[in-house]
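> Questions regarding the structure given below will be posed in turn.
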Amino acid sequence: MDKLETYKKILREIITEYSGYKPRNSPHELLPICDDAACEYVLMSIGWDEKENRKYHSIFHFRIKNDKIYVEQDNTDANPVQQMLDAGVPKEDIVLAFYSPSHRKMTDFALA
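Residues in the sequence shown are numbered consecutively from 69, following our numbering.
Take a look at the structure:
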C-alpha cells in the first residue's frame, strides 16, 4: 500500500474509532465524514442544547495535502497525533496546522 493510501486508512480508522464514543449526558450525535477523494476527514458533533440552540462543531479535522497529514482541528483531550505516530506516520509528515506557521517552528513536527 502506498503512503497516500496508508494515511487515508489511518485517518479513517481514527475518525471511525472516535465516532463510536457517545458523549456523557449529551444528546449530540457524532458524525464521521471521510472523503477519500478530497482527502478530508472530519468528526462533527451536531445536536441541540437544553435551550434549543443548535450546536454544530468539528471535533477533529484532518486532511492530506502534499503527502502530509494536516491536523486542522483537535478539540479533545485525546491524542490523535500520537495514534498517527503509533501507526507509523513520521513526525515530518504531520503538520500541526492549528498552530500558526511561526509557532510550528517550535514543535518537532513538519512546518508545512
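Even for Gly, the Cβ is constructed at its ideal location relative to N, Cα and C.
Rounded to whole angstroms, what is the Cα-Cα separation between R122 and F128?
19 angstroms
> For N186, tell me which candidate among Y86, S113, Y75 has the shortest Cα-Cα distance.
For residue 186 there is no data in the structure shown, the boundaries of the chain being 69 and 180.
> Let me confirm a value: I114 is counted as buried when at least 16 other C-beta atoms fall within 10 Å, else exposed. Which label applies?
exposed
> Check whether the stretch 165 to 177 touches the stretch 131 to 141, taking contact to mean three or more Cβ pairs, one atom from each stretch, closer than 8 angstroms.
By the criterion of at least three beta-carbon pairs nearer than 8 angstroms, the stretch 165 to 177 is in contact with the stretch 131 to 141.
> What are the partner residues of H129, as DSSP defines its beta bridges?
According to DSSP, which records beta bridges pairwise, H129 is partnered with V110, Q141.
> I'd like to know whether the C-beta atoms of R131 and E108 end up nearer to each other than 7 angstroms.
yes
> Starting from L153 and walking both ways along the alpha helix (DSSP H), at which residues does that stretch end?
Taken as a continuous stretch (DSSP letters only), the alpha helix (DSSP H) holding L153 covers 148 to 154.
> Take the Cβ of L111 as the centre, count every other Cβ of all protein chains shown within 10 Å, and call the residue buried at 16 or more, exposed below.
Around the CB of L111, 16 or more other CB atoms lie within 10 Å, so the residue is classed as buried.
> Can you name, in chain order, every residue of its own chain whose Cβ lies under 7 angstroms from the Cβ of T84, other than the five neighbours on each side?
Only P100 meet the Cβ criterion.
> Hey, would you say D161 sits closer than 7 angstroms to K133, going by beta carbons?
Cβ atoms of D161 and K133: not closer than 7 angstroms.
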